[in-house]
Each structure stands twice: as C-alpha cells, then as structure tokens.
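The sequence shown stops at residue 1071 when you use the numbering used here, and every number in between is there.
Cβ atoms here follow ideal geometry from the backbone N, Cα and C, with glycine treated the same way.
All figures in this text were calculated on a predicted structure; none of them were measured in a lab.
Okay, structure first, notes after.
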Amino acid sequence: MEQKLNIVGIIPARMASKHFPGKPMEDIVGMPMIGHVYNRMLLCKDFSDVYVATSDKEITDYINSIGGKCIYTQESHIGAIDRVCEAVKKIEEQNQTTFDLVTLVQCDEPMITSDMIGRAISPLVMDYNLKISSLMTEITSNEVFEDPNEIKVVVDINNFALYFSRLPIPALRTGVMGCPQLRLLGIDVFRRDFIDEFNMMFPTPLEVAEGIDLIRVIESGMRVKMTMTDQETISVNTPQDLQNVRELMKDDYLANKYIKRN
C-alpha cells in the first residue's frame, strides 16, 4: 500500500498589502477573508496540517480565536514564497516532522475548493521529478486580461510555464487562433527540498521587474508545471473584487457549512 504523503498547507498573509491594505481581515458573508481560506483548506483531505504564516497580531489573534494554527514570520518578507520558506522550517522544528510537499495558498483566494487544491498537488504526486506546480484558469473577459493585478501565464504544449506577467500576454493578432489567455491562481505546490533551494536563490531581474516571485524559478532555468481548473473563482486584488466575491458567496454551500460550525 502506497504511503500517504506528508503535505502541509500554508497561507502567507500580511495586513500591509500595497494595493489593498488590510484585505485578509475584510468581511465576506460574516467571516474575514483569511477565515474562508483557512476553513476551505481544512476541508482538503490531502493536508496533514494547515497554518497561517504572518507577522501581524490582528491576523494571529483571529486565527487563534477560531482554533486555527499560526506561525510567526518576519515582517520584512515581500514575496509570499519567501515567507513560506521561513514558516515551513519553523513548523517542522516545532512538530519534529519533515514534510514531503508544501502547498502555498494565497490569502486572497476565498473561493478555493478541495478540487482546485488537489489538481495543483496532483502533478508532484504523479511525477517525482517535478519540483513545483501551480494552478491556472482561462481568462473569460478582456477586463481581466488587461488588469495588472491579475498575473497572466503562457505555457508550452506540455503545460510548463514559459513566462508570467502582469501585462496582457500573449499578444493577440487578428486571425491567430488557438492561443488561450490564462491567469495564475494563488495555489503553488513545492517539493520540500525545493523550498530550501528556492530560499538560497537571489531574486532575479525579471522577478523584480514583474513583481512575481515564481519567475525566479523559470529565470533560473527550472520548470513550473501548470494545471488547469475550470471552476469559477475570483482572486481579491481590489475593493471591487471583494464586492464581486461577496455577491457570489452569499449562497455558497461551502461557506454555509463551515460558518455554521464556527
């Protein structure tokens, strides 16, 4: 019988978001956004444990109040992956364990589902040679395609990322078909030893220019496996995104399930 992998889920969160300060604690149908992300991750059976990684007392106090788990990380982290690198070491030390995979879920993804998380994890379970996988979805509106808050991705024929950008890529020429517009969702899965490898790398020029830490991987000559989901979701980057999510989640069956429990 195949042994179950030891997989930790970590939500990096901070109140000092450059474009939307305080968004982890913004209310969505009676619960802070970070609470939705945390509770939805608890519904995923792939995880051995789930933590929030933060340096903010307000976030820590809230997660503790719902019986959740927090790990303190330095305030200086800007990139989410760097925060997770610090967090996983501390979690392993506290629990005297070693994880096989580390799953990063952004705190602004309150509509994630277990299926989406499972899809992101699956490539690393199936292929030991892969170091990192991430989730993407098709862009269905020009507004999202043009939005610099939404990270776009172009992939090769085997769904490995070629590049990530906040600009609308690929450039679409009249009459050219079969070139999908894709955006990155906030779920990344790392093989445990690659977290340490990533942490040893210096930020790369294109990573800094785009403000996207995943670029460090491909700019350093490695590959990011992308997996598609067709589930409807909105990443909360702006107050308008927040309003849209609030409307969509009014009758959300998952939210009703864990809000009653809490």
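* If you draw a straight line from the alpha carbon of Ser923 to that of Asn1046, how long is it in whole angstroms? -> One C-alpha to the other measures close to 22 Å.
* To do: Note down, in chain order, each residue of its chain lying with its Cβ closer than 7 Å to the Cβ of Ile900, except the 5 sequence neighbours on either side.
  => Taken in chain order, the residues that qualify are Val817, Tyr860 and Ile880.
* Considering only residues of the same chain and omitting the five flanking positions on each side of Asp858, which have a CB-CB separation below 8 Å? -> Closer than 8 Å at the Cβ level, and outside the excluded window around Asp858, lie Val817, Gly818, Lys878, Ile900 and Asn904.
* Asked: When you compare only the Cα positions, how much space is there between Val1026 and Asp965?
  -> The alpha-carbon separation between Val1026 and Asp965 amounts to approximately 16 Å.
* Where Met824 and Ile921 are concerned, what is the direct C-alpha to C-alpha distance, given to the nearest angstrom? -> Just so you know, the alpha carbons of Met824 and Ile921 end up roughly 20 Å apart.
* **Identity of the residue in Gln990, Val934 and Ser943 nearest Thr949 by Cα** => Measuring from the Cα of Thr949, the nearest candidate turns out to be Gln990.
* DSSP-derived helix/strand/coil call for Gly927 -> Three-state DSSP puts Gly927 in a helix.
* Asked: Mapping DSSP to helix, strand and coil, what is Gln903?
  -> Three-state DSSP puts Gln903 in a helix.
* Rounded to a whole number of angstroms, what is the C-alpha to C-alpha distance between Phe969 and Ile1024? -> Distance between Phe969 and Ile1024, taken at the CA atoms: about 13 Å.
* To do: Going by CA-CA distance only, name the one from Tyr871, Cys894, Ile837 and Gly831 that's closest to Phe999.
  => For the residues Tyr871, Cys894, Ile837 and Gly831, the minimum Cα distance to Phe999 belongs to Cys894.
* Quick one, are the C-beta atoms of Glu918 and Gly995 less than 7 Å apart? -> Cβ atoms of Glu918 and Gly995: closer than 7 Å.
* Residue interval of the alpha helix (DSSP H) (run including Asp870) -> Taken as a continuous stretch (DSSP letters only), the alpha helix (DSSP H) holding Asp870 covers Lys866 to Ser874.
* Asked: Below 7 Å between beta carbons: does that hold for Thr1042 and Glu1028?
  -> Going by C-beta atoms, Thr1042 is not nearer than 7 Å to Glu1028.
* To do: Confirm, please, whether the CB-CB distance from Arg892 to Ala929 is below 7 Å.
  => Not in contact: Ala929 and Arg892 (Cβ atoms no closer than 7 Å).
* To do: Take Tyr937 as the anchor and find which of Met945, Leu910 and Val963 has the nearest alpha-carbon.
  => Comparing alpha-carbon positions, the option among Met945, Leu910 and Val963 lying closest to Tyr937 turns out to be Leu910.
* To do: Report the residue from His828, Ile837, His845 and Ile890 whose alpha carbon sits nearest the alpha carbon of Met1009.
  => That would be Ile890, whose Cα lies nearest to the Cα of Met1009.
* DSSP puts Met1035 in a beta bridge; with which residues? -> BP columns for Met1035 point to Ser943.
* From Met925, Pro1048 and Phe1003, pick the residue whose C-alpha is nearest to that of Thr1038; which is it? -> Nearest of Met925, Pro1048 and Phe1003 to Thr1038, Cα basis: Met925.
* Straight-line CA distance for Ile960 to Cys916? -> Rounded to the nearest angstrom, the gap between the Cα atoms of Ile960 and Cys916 is 16 Å.
* Provide the residue span of the alpha helix (DSSP H) that contains Tyr847, from first to last. => Its alpha helix (DSSP H) spans residues Met842 to Leu851.
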